[in-house]
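Below is one structure, written out as C-alpha cells; the observations come after it.
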Amino acid sequence: MTTTCLRHEVTTTLVTFELPKLRDEPCWKRLVRPKKALPWLKRDSARAYPTECSDKAAQWREAYFYTKLHPELAEAQGEGQDNPAEKMKQERKEEEEDFEQQLKIFRDRAVPRTPKGKKGSAYKKMRRSDL
20 MTTTCLRHEV TTTLVTFELP KLRDEPCWKR LVRPKKALPW LKRDSARAYP TECSDKAAQW
80 REAYFYTKLH PELAEAQGEG QDNPAEKMKQ ERKEEEEDFE QQLKIFRDRA VPRTPKGKKG
140 SAYKKMRRSD L
C-alpha cells in the first residue's frame, strides 16, 4: 500500500480509510482472514470488488504455474527486469550495516561505568538475621 495516496475521513462516529494497493495483486481473503472478528473494525463490502479480486487471483495462478512448468523461460524474462525481492533484501542489508556502524560509533563514544560495591547487601543481611 502507498501512504502518499492514503485518504481518510474523520466524522463524529467513524473514521474511514481508503488504502490503494501499490501493485495489482489478489486479495488473499482466505489466507489473511483473522480468526476472530474485530468488533471495532467494519469492512465496506460495497468496495470489495470480488470479480476484480478473483481475476487477479487467476492471473497470479497462471503466472505461478507457468514459471513452475517453464523455469528457463521465466529466468530469461526476469534477467532484463529488476527483481523487487532482491532489491528489498539488498536495501535491508544496507540498512542493517548502517545501523551496526552507528551502533559501533555510539558504543565507542559511551563512557564506561565504574563498578561500585553491592548496594544494600548489609541491609539484606541485617533483615535476615532479625527474622
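When the count follows this note's numbering, it moves up by one through the sequence shown with no breaks and lands on 150 for the last residue. No residue lacks a Cβ here, since even glycine has one placed at the ideal position from N, Cα and C. Everything numeric in this text was worked out from a predicted model, so none of it was measured.
DSSP-derived helix/strand/coil call for residue i
i      : result
GLU44  : coil
LEU60  : coil
ALA129 : coil
PRO103 : helix
Residue i vs residue j beta-carbon contact at 8 Å
i     : j     : result
LYS87 : GLU44 : no
CYS72 : CYS46 : yes
Residues bridged to residue i [DSSP beta-bridge criterion]
i     : result
PHE36 : HIS27
Opening and closing residue of the alpha helix (DSSP H) in which residue i lies
i     : result
ALA82 : 69 to 88
LYS55 : Neither: LYS55 is in no alpha helix (DSSP H) and is coded neither H nor E.
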